[in-house]
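What follows is a set of notes on a single structure, which appears directly below.
Protein chains in written order, with the working numbering: chain A, 12 to 687; chain B, 21 to 539.
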């Protein structure tokens, strides 16, 4: 059953890729959406009828497909594992995935690469589901690099545009840098535990306990200690930073917006980029054994969240704003993981998938309606032209800003509270991170309000269209005012569904302080490890003992309620500020530094790319290779050549004299060996 | 499966070469014009190479992966006085290399289809080359091995020297002289080995298996410093062939000048003769020296990995780019061999096959563009994907397999090599594995950058506006390696199982000797 969840989209990809061009758009739409639909239905069946009825601590369904690689003590299976963590991911991947597929059939309508687009998108679903379901680090890596490939193909989908190709290449290469860390991490994990599997495996007649259970038995490494657990965790985190666009590897994600908008929604917001959070949560047993690693995760997450939010506030491309917002929100999720609140992080992954997919698809609808215009400075007053898009994006805006009772509010509030309440960080740092996170929440509300105000309210600031867009406007479009229009139902219906999810999606995680049960936390608890309190590590104690202590903190409802109050204030304050600033003066000049994204790309180019290319070309190749190494070889050859001409008298051209010389040589050799 | 299948497979291409020769004589005598019969040579060569491939598939039927000794053996005395035997067969190490050879040659024939001059000689050279290459892998007699080793040089010399580019003579001579220097050293070592074995056991033989067993069993003890010299003599021959940095400079020249078909064979098979030799001779015959030399060899290997990748990155010529990428990829294989673990060596063997297929296909891809534009300069292209979508897809898959994307072949080999190297007991092995990993990152850089400049973006040169689609022949030459890349990536166990015992046997020999030496 699990394999059909992944194989349906794979078959869909093959059908679209091989037959799609001949059979046309209807066929492709049907196959692409149908295969993801099958996948979603099967996921729901597996989740609700197979996984949920199992007792809470035994929720594990495995399915062995075949042994992929087995050499000596190393074994990596093509096998799937459905447990609460992968199950939850499956639900929103297939659900949101289906909605985006349906939307895309409208968005991509009439594009000549329609079949190619859906072949890639379906292939992406296969890879993403494999990533989540893989029962070992290597199969996870298959999905991990597989989604990277699809991302590459889809960012570069408009093959004739240079910037799309450059962005695609950049995404792949930056991810490769992360994957370098990941694969070394897998190697260290294997040499330490002889297992890379999330479940127990039989290898060579011997049962090897799972990587995670072995890791769970290790001592906690305190802050500043660089033991093997720290090394593994940090290396895996390098991989996570690449895939989930964290500092310093975040640079690819904003450029990735060169791909079609449904791709940005599905891959670069809702699913693929959250794979790093998945990895961290999946390996929570490893991460929690290293307080250094946890600290790094939290700090990088907090820094990225803040850093990206400040850039987001100064961007003018509607998709770029959302891209930096995604980077920022991902930072939030890592921050949650870093303080040990893995379930809060996953909760935010889920709610973010709803509202960010909604916002991206909404943005796509706006771009569509505005004839490929992406600059929010050239929009304004769109709410009367696009009621559905406006209404649904309104929900997304309020949800991401953290307005109470919407999904984003619950998950963000949970994260903020967990940061404050965490006892696994050095004193002072936890509070600092909280301040950063709270400030980010404020900024989030501000830049999202800016985006909404500039797009939907105020005066119309449309530019006259000119022929540099897709080209399908034709000559007539020159010097012709834009007439914005609402998108077809096939596009706005998914928006409505996502809007509903963005409203109600948070109720699975209402905290006990507000009379909820935080179902999501309980549900995920069996697969997530608990962070060791800071005090534990000093004694080198094994983490489990501290569980009770962290429970105690948990029941301090009054403080938690006060903090919720603060979250609410932050959300409204941000919206208020944004509203005041940008309704009064929509085209307010933003700081140069922020508009230019802190010049990070320029810095990388100057500090890394250019020097490496320069040295490779001007020294390694032209001097070392051609002049020195090859020069030496040719020099030796010339030396022999000249010696040879001096000894030309030996070269008589008669076979018998050559034979004589060889004979003499052979005799000398034999004599040498005999009388040595 | 009768064991004569190995002999038949080895010499079938030569038979084909003779047929072409006779056919040309007879037809020309009968007054047919050269133009008229030219296509026939191609077809004969193609069919012969296909039959050879099918024959070699027969090896699989009779092969038992549980054994480590040579199988499907033919062993008859050839030169009684010297103890030279006609001793051929396959074991887990050579089995797949033979299949790689027979798999690639039909593609090389197809890639040589467009030549209009001296066609029958071209085909004869390719077929004789095939016999030589198979012979190298199936020989279990040192004399025979050396014979095949040298036979390979001659047709390759002509392939580059006659059918190559402008600088072909320089490249061909460099290739031959460089390789011959190495192999002469090897010849001396072979004679010495033969002599010492005779002295120690009283049996005159060139039997590789017997000599190796004598060494392992302690019947043939070679003085330690003499072992070093012999190891070096073998190693140098193989390092040049691989080529290991800094012995690599013949390769870019040879590749740029060689015609596409010759490049496919050169990169696909000839380079593997070097790594095969290391695995077959240096490791089991001189395990102690190999172990002591390992940190240095691995150092050269990782230098080659990173250096090859960096230099590949800045090449303006596509073929040179692929040639330098070979230096990088072959470095991985040497790294895996000298880490001595079962995983790294399995990975190395697998990577030999992967590199043969991926790089062979990359050369085919470059050749297809060259045939259309008569240039390989990256700058001359751009936007090719708009004209040649199918070609671009296959080029993309090939590049992905070369840069080690999971579920394609290259990943399995590279990962096993790095994993095995990481767990190796050789000093600094962990550092080398990590540095080698940088090569994986860089391979994405140079390959994707090339794809970006060649396939994507706007069409900037008007010559590229009318590029022809893939012909049927081109499509059929590209499809098998592309399909193989997928199969080998998804189901590596189909291949790894048969070689595991032979490979881990070599690994065990080195590790037990090394640990004995440590005590």
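For glycine and all other residues, C-beta sits at the position ideal for the given N, C-alpha and C.
For clarity, every value in this text was computed on a predicted model and none was experimentally measured.
Cutoff 7 Å: residue i Cβ touching any chain A Cβ
i, result
"residue 373 (chain B)", "no"
"residue 532 (chain B)", "no"
"residue 85 (chain B)", "no"
"residue 443 (chain B)", "yes"
"residue 439 (chain B)", "yes"
"residue 477 (chain B)", "yes"
"residue 464 (chain B)", "yes"
"residue 35 (chain B)", "no"
"residue 224 (chain B)", "no"
"residue 120 (chain B)", "no"
"residue 247 (chain B)", "no"
"residue 481 (chain B)", "no"
"residue 427 (chain B)", "yes"
"residue 487 (chain B)", "no"
"residue 334 (chain B)", "yes"
Any C-beta of chain B under 7 Å from that of residue i
i, result
"residue 507 (chain A)", "no"
"residue 551 (chain A)", "With a pLDDT of only 45 at residue 551 (chain A), under the threshold of 50, the placement of this residue in the model should not be trusted; the figure read from the coordinates follows. For residue 551 (chain A), the answer is no, since every Cβ of chain B falls outside 7 Å of its Cβ."
"residue 16 (chain A)", "no"
"residue 290 (chain A)", "no"
"residue 479 (chain A)", "Here the model assigns residue 479 (chain A) a pLDDT of 46, short of 50, so the residue's position is not dependable, and the following value carries that caveat. No, residue 479 (chain A) lies away from the interface with chain B (no Cβ there is under 7 Å from its Cβ)."
"residue 119 (chain A)", "no"
"residue 202 (chain A)", "yes"
"residue 375 (chain A)", "no"
"residue 613 (chain A)", "no"
"residue 198 (chain A)", "yes"
"residue 323 (chain A)", "no"
"residue 483 (chain A)", "The pLDDT assigned to residue 483 (chain A) is 45, lower than 50, so where the model puts this residue is not dependable; a value taken from the coordinates is nonetheless given after this. With 7 Å as the cut-off, residue 483 (chain A) does not count as an interface residue toward chain B."
"residue 630 (chain A)", "no"
Strand pairing of residue i, partner residues [DSSP]
i, result
"residue 71 (chain A)", "Paired residues: none, contrary to the question."
"residue 86 (chain A)", "A:81"
"residue 92 (chain A)", "A:73"
"residue 208 (chain A)", "A:147"
"residue 159 (chain B)", "B:108"
Element boundaries [beta strand (DSSP E), containing residue i]
i, result
"residue 171 (chain A)", "Segment: none, residue 171 (chain A) is in no beta strand (DSSP E) and carries neither H nor E."
"residue 106 (chain B)", "104 to 110"
"residue 502 (chain B)", "Residue 502 (chain B) -> not in any beta strand (DSSP E); alpha helix (DSSP H) instead, spanning 492 to 510."
"residue 289 (chain B)", "It is not in any beta strand (DSSP E) - residue 289 (chain B) carries neither H nor E in the DSSP assignment."
"residue 219 (chain A)", "217 to 219"
Beta carbon of residue i nearer than 7 Å to that of residue j
i, j, result
"residue 51 (chain A)", "residue 109 (chain A)", "yes"
"residue 269 (chain A)", "residue 175 (chain A)", "yes"
"residue 529 (chain A)", "residue 516 (chain A)", "no"
"residue 54 (chain A)", "residue 101 (chain A)", "yes"
"residue 266 (chain B)", "residue 647 (chain A)", "no"
"residue 313 (chain A)", "residue 447 (chain A)", "yes"
"residue 360 (chain B)", "residue 530 (chain B)", "yes"
"residue 432 (chain B)", "residue 382 (chain B)", "no"
"residue 327 (chain A)", "residue 253 (chain A)", "no"
"residue 205 (chain A)", "residue 84 (chain A)", "yes"
Residue range of the alpha helix (DSSP H) that includes residue i
i, result
"residue 590 (chain B)", "The question about residue 590 (chain B) has no answer here: the residues shown for chain B are numbered 21 through 539."
"residue 331 (chain B)", "307 to 333"
"residue 330 (chain A)", "329 to 349"
"residue 514 (chain A)", "500 to 515"
"residue 38 (chain B)", "24 to 49"
>> With a threshold of 8 Å, are at least 3 pairs of Cβ atoms found where one atom belongs to the region 277 to 291 of chain A and the other to the region 130 to 140 of chain A?
In response: Taking 8 Å as the limit for Cβ pairs, the verdict is that the region 130 to 140 of chain A does touch the region 277 to 291 of chain A.
>> Whether or not the region 501 to 517 of chain A and the region 115 to 125 of chain A are in contact is what I'm after, with contact meaning three or more pairs of Cβ atoms, one per stretch, closer than 8 Å; do they touch?
In response: Yes, the region 115 to 125 of chain A touches the region 501 to 517 of chain A.
> Is it a yes or a no for the region 146 to 166 of chain B touching the region 32 to 47 of chain B, going by three-plus beta-carbon pairs under 8 Å?
Replying inline: Judged by Cβ distances under 8 Å, the region 146 to 166 of chain B makes contact with the region 32 to 47 of chain B, as three or more pairs qualify.
> Does the region 127 to 145 of chain B come close enough to the region 153 to 166 of chain B that 3 or more CB-CB pairs lie under 8 Å?
Replying inline: Too few Cβ pairs lie closer than 8 Å, so no.
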